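Accompanying notes for the structure given below.
Numbering (the numbering used here), first residue to last: 372 to 442.
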C-alpha cells in the first residue's frame with residue numbers, strides 16, 4: 372500500500388531480532404503504507420525515507436530493548 376501525502380507522517384516500528392514491521396500513518400490515523408523488512412541499516416533508512424522529511428517515529432517498547440538500556 373503506497374499513497375502520496377504532503378503532511379507530516381508518523382512511522383510506527385515493531386522491532387524484532389531478524390525482521391521488523393514499519394507502518395506509515397497520517398496524524399489522523401490513516402494508514403499510508405506497511406512494510407516487513409529484514410533488519411539492516413539500509414533497509415530501515417529506505418523505509419523511513421518513504422515518510423518524507425522529519426517524520427515522527429514511534430518504537431514499540433519491548434522487554435529486550437528496555438533491558439539493554441538498563442531501565
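Cβ coordinates follow ideal geometry from the N, Cα and C atoms, glycine included.
Just so we're clear, the structure is a prediction, and the values are computed from it rather than from any experiment.
Flag this pair as yes or no: are the beta carbons of residue 376 and residue 423 separated by less than 9 Å?
Closer than 9 Å, so yes.
Tell me the DSSP secondary structure of residue 416 in three-state form.
Note: residue 416 maps to helix in three-state DSSP.
Rounded C-beta distance between residue 408 and residue 391? I'm assuming under 8 Å.
Taking 8 Å as the upper bound for CB-CB distance, residue 408 and residue 391 are in contact here, some 6 Å apart.
Since residue 395 and residue 380 should fall inside the 8 Å C-beta cutoff, what is the C-beta to C-beta distance between them, to a whole number of angstroms?
Sure, about 5 Å apart at Cβ, within 8 Å.
For residue 405, the three-state DSSP class (helix, strand or coil)
Assigned with DSSP and collapsed to three states, residue 405 falls in strand.
For residue 426, the nearest candidate out of 432, 410, 403 (CA to CA):
Nearest option by C-alpha distance: 403.
Could you check what DSSP says for residue 377 in three-state terms: helix, strand or coil?
The DSSP-derived three-state label of residue 377 is coil.
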